[in-house]
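According to numbering that gives the first Met the number 0, the sequence shown is numbered sequentially starting from 0.
From the three backbone atoms N, C-alpha and C, an ideal C-beta is built for every residue, glycine too.
All of these numbers come straight from a predicted model, not from anything done at the bench.
Working notes for the structure below.
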Amino acid sequence: MKAAPDMNRSAKPSSALKIAAGASVLLALLLMGFIFAAF
Numbered sequence: 000m001k002a003a004p005d006m007n008r009s010a011k012p013s014s015a016l017k018i019a020a021g022a023s024v025l026l027a028l029l030l031m032g033f034i035f036a037a038f
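Here's what the structure looks like:
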């Protein structure tokens, strides 16, 4: 019974990390675009 709630708790942080990773990648691409545009 205790295993199910633990699985749910671990799932939420993992999804948040994935979203944060995706946002960081998008920001990195935008920064690269600005750098290339500057040159």
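With H, G and I counted as helix, E and B as strand and the rest as coil, what does DSSP make of residue i?
i, result
"F38", "coil"
"S23", "helix"
Who are the near neighbours of residue i in its chain, counting only those whose CB is closer than 6 Å to its CB and skipping five residues on each side?
i, result
"L28", "none"
Let me know if residue i comes out buried or exposed under the rule of 16 or more other beta-carbons within 10 Å of its beta-carbon.
i, result
"A22", "exposed"
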